[in-house]
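The UniProt record's numbering applies: residue 1 is where the sequence shown begins, and numbers increase by one. Quick reminder that beta carbons are idealized off the backbone N, C-alpha and C, glycines included.
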Amino acid sequence: MKIPSGPLAWYFYTSILEARMVELKTASEIAAMRTTGAFVAQVLDDLQARARVGVNLLDLERRAREMIAERGAESCYWDYAPSFGRGPFRNVICLSVNDAVLHGLPHDYALRDGDLLSMDMAVSIDGWVADSARSLIVGTPRAEDQRLIEATERALAAAIDAARPGDRLGDVSAAIGDVAAAYGYPVNTEFGGHGLGRTMHEDPPVPNVGRRGRGLRLRPGLTLALEPWFARGTDKIVHDPDGWTLRSADGSRTAHSEHTIAVTDGAAAILTAAA
């Protein structure tokens with residue numbers, strides 16, 4: 001689940017963060033987040049295998065609840081009530097279909113052939129959070145949808161590669177924006193990635209577009225949720241009447257990819273990688 005992150009405010013904000021305390025995690029704390037991340041990946045793997053033509057979104061929600069309860073985990077979404085949603089959120093996963101991309105409220109809808117489904121989930125285990133999202137095609141794929149998903153996945157990989165110690169947060173954001181530009185997709189600047197660890201949303205915000213050499217300097221122990229998302233035809237979004245689901249303003253299809261990572265002494269560690 002995303003938080004608002006306008007670019008101008010972000011540059012001002014991250015310059016202030018240089019002089020503030022951004023919590024850096026220890027090796028043991030990152031290991032605990034990796035345990036949570038492995039579980040999040042397990043749930044998404046399970047739901048992806050179940051997401052077939054005719055399956056109801058509510059069945060996927062129920063399965064996610066079942067797995068969370070069996071693991072003794074805690075959903076970060078349940079009872080979440082930020083200023084940008086009509087809270088409290090009473091589900092454990094965001095399920096967004098086709099032109100819906102963020103904060104999709106699970107509802108009575110049977111998946112159809114060719115649907116593009118985005119799943120986004122964050123949980124806490126023993127006090128440590130991990131957050132991940134992925135998009136997939138149900139049944140028969142469309143080439144344009146495969147390209148859209150591929151763009152988010154490549155943008156995520158580029159952002160992870162840019163998250164190296166000594167570089168700046170703007171380098172990470174710029175890596176995402178560069179991939180979007182290469183594919184010809186506009187980038188929304190209202191919602192972006194974020195820090196996380198003890199809670200789902202921590203400093204710093206991570207926009208999906210930025211300028212290299214700007215923003216917070218990356219240090220080992222910084223943990224981030226990087227989550228590029230694109231709509232094929234617009235960077236504008238609209239709210240559903242449910243008060244949560246965000247859709248592309250022009251009705252074009254959307255895709256979303258996300259991993260929780262930790263900055264290390266070298267390449268970033270992906271904490272929500274599938275087994």
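Requested in this report: Give the range of the alpha helix (DSSP H) segment to which residue 148 is assigned.
Outcome: 143-162
Requested in this report: Kindly list the residues whose CB is nearer than 7 Å to the CB of residue 264, restricted to its own chain and excluding five residues on each side of it in sequence; keep chain order.
Outcome: 220
Query - Buried versus exposed, by CB contacts within 10 Å (16 or more), residue 10 - result: Because residue 10 sits at a pLDDT of 45, beneath the cut-off of 50, its placement in the model cannot be relied upon, and the point is left open.
Query raised in the report: Is residue 213 helix, strand or coil when you go by DSSP?
Result: coil
Report task. Would you identify the three-state DSSP class for residue 202, choosing helix, strand or coil? Result -> DSSP places residue 202 in strand when its eight states are reduced to three.
**Report entry** Own chain, CB closer than 7 Å to residue 235, minus 5 neighbours either side, in chain order
**Finding:** 186, 187 and 188
Requested in this report: Kindly list the residues whose CB is nearer than 6 Å to the CB of residue 104, restricted to its own chain and excluding five residues on each side of it in sequence; keep chain order.
Outcome: Apart from sequence neighbours up to five positions away, the residues of its chain that approach residue 104 with a beta-carbon distance below 6 Å are 94, 95, 96 and 245, ordered along the chain.
Query raised in the report: Nearest to residue 52 by alpha carbon, out of 66, 69 and 111?
Result: 111
Query - Cβ-based burial, residue 31 [other Cβ within 10 Å; buried from 16] - result: exposed
Query - Beta-ladder partner(s) of residue 119, from DSSP - result: 95 and 134
Report task. Determine the contact status of residue 243 and residue 22, defining contact as a CB-CB distance below 9 Å. Result -> no
Query raised in the report: From residue 50 to residue 142, what distance separates their C-alpha atoms?
Result: 20 Å
Query raised in the report: So residue 172 packs on residue 226, CB below 8 Å; how close in whole Å?
Result: 7 Å
Report task. Assign residue 84 to one of three DSSP states: helix, strand, or coil. Result -> coil
Report task. State the Cα-Cα distance for the pair residue 123 and residue 233, rounded to the nearest angstrom. Result -> 32 Å
Query raised in the report: Which of helix, strand or coil does DSSP assign to residue 75?
Result: strand
Report task. Go through its chain and collect everything with a Cβ distance to residue 154's Cβ below 7 Å, but skip five positions before and after it. Result -> 179
Query raised in the report: Given that a residue counts as buried once 16 or more other Cβ atoms are within 10 Å of its Cβ, and exposed if not, what is residue 139?
Result: exposed
Requested in this report: Grab the span of the beta strand (DSSP E) containing residue 195 for me, first residue to last.
Outcome: Per DSSP, residue 195 belongs to the beta strand (DSSP E) from 191-195.
Query raised in the report: Which one of 25, 127 and 26 has the shortest CA to CA distance from residue 75?
Result: 127
Query raised in the report: Does the Cβ-Cβ distance between residue 148 and residue 272 come in under 9 Å?
Result: no
**Report entry** CA-to-CA distance, residue 129 to residue 206, given in whole angstroms
**Finding:** 17 Å
Query - Cα-Cα separation between residue 16 and residue 213, rounded to whole angstroms - result: With a pLDDT of only 47 at residue 16, under the threshold of 50, the placement of this residue in the model should not be trusted, and no figure is reported.
Query raised in the report: Exposed or buried, residue 261, counting other C-beta atoms within 10 Å across all chains shown (16 or more means buried)?
Result: buried
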